[in-house]
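Take the sequence shown: its letters are residues 11 to 126, numbered as in this note's numbering. Down below is the structure, laid out as structure tokens.
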Amino acid sequence: MLVIEGKREKSIRLERFIRMELLNSNLLVIDAVGERKFLDPGWMNIWYADVNQSTEELILAFKANYEKTFSKFEWIALYLNAPESDLEIIKELDRLYPQNFIVTIQSNKNLTNYFV
């Protein structure tokens, strides 16, 4: 699982990673931030989640919609402002499902990305 962490500009880092490094169109972005900050959202598959959901509620929605909506994608990007403490909860998705996951984490650190 790829983690993109920082205070701001995570959407730009996510979009650049998808477009320039992955080169994969079999990807779904689950947008739980709702700020619509992607530079060119027209080329992406985006599923807009309720921005008032907690990480746990988002994961429950993911599990409920998995077969119908998410199972056909190779990559799933969870664009959310989850705190670092929610990373363990999100790692469970990575263990349970065959897709590759990218997640954005809100922190006061400089923008960075790493694999877990």
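Beta carbons are placed, not taken as given, at the ideal position from N, Cα and C, and that holds for glycine. Please read these numbers as outputs of a predicted model, since none were measured by experiment.
Cβ separation of residue i and residue j, assumed to be a contact under 8 Å, to the nearest whole Å
{"i": "Ile115", "j": "Glu94", "result": "6 Å"}
{"i": "Trp85", "j": "Leu32", "result": "7 Å"}
Beta-carbon proximity check, residue i vs residue j, cutoff 9 Å
{"i": "Val43", "j": "Ile56", "result": "no"}
{"i": "Ile22", "j": "Ala87", "result": "no"}
{"i": "Ala74", "j": "Gln63", "result": "no"}
{"i": "Gly16", "j": "Leu106", "result": "no"}
Neighbourhood of residue i by C-beta distance below 8 Å, restricted to the same chain and skipping five residues each side
{"i": "Ile69", "result": "Ile99, Ile100, Glu102, Leu103"}
{"i": "Phe125", "result": "Met11, Leu12, Val13"}
{"i": "Phe83", "result": "Asn36, Leu37, Leu38, Asn55, Gln109"}
{"i": "Lys3", "result": "No answer is possible for residue 3: the residues shown for the chain start at 11 and end at 126."}
{"i": "Glu45", "result": "Ser21"}
From the options, residue whose alpha carbon lies closest to that of residue i
{"i": "Trp53", "options": "Asp41, Glu25, Glu31, Phe80", "result": "Glu25"}
{"i": "Ala59", "options": "Trp85, Leu33, Tyr89, Lys78", "result": "Tyr89"}
Beta-carbon proximity list for residue i, same chain, < 7 Å, skipping 5 on both sides
{"i": "Asp96", "result": "Thr65"}
Any non-hydrogen atom of the ligand GDP closer than 8 Å to residue i Cβ
{"i": "Glu67", "result": "Questions concerning the ligand GDP fall outside what the structure shown contains, since it holds no ligand whatsoever."}
Neighbourhood of residue i by C-beta distance below 6 Å, restricted to the same chain and skipping five residues each side
{"i": "Ala92", "result": "Thr65, Ile115"}
{"i": "Glu77", "result": "none"}
{"i": "Lys20", "result": "Ile14, Thr114"}
Start-end ranges of the alpha helix (DSSP H) lying completely within the region 27 to 101, minimum 4 residues
65 to 75
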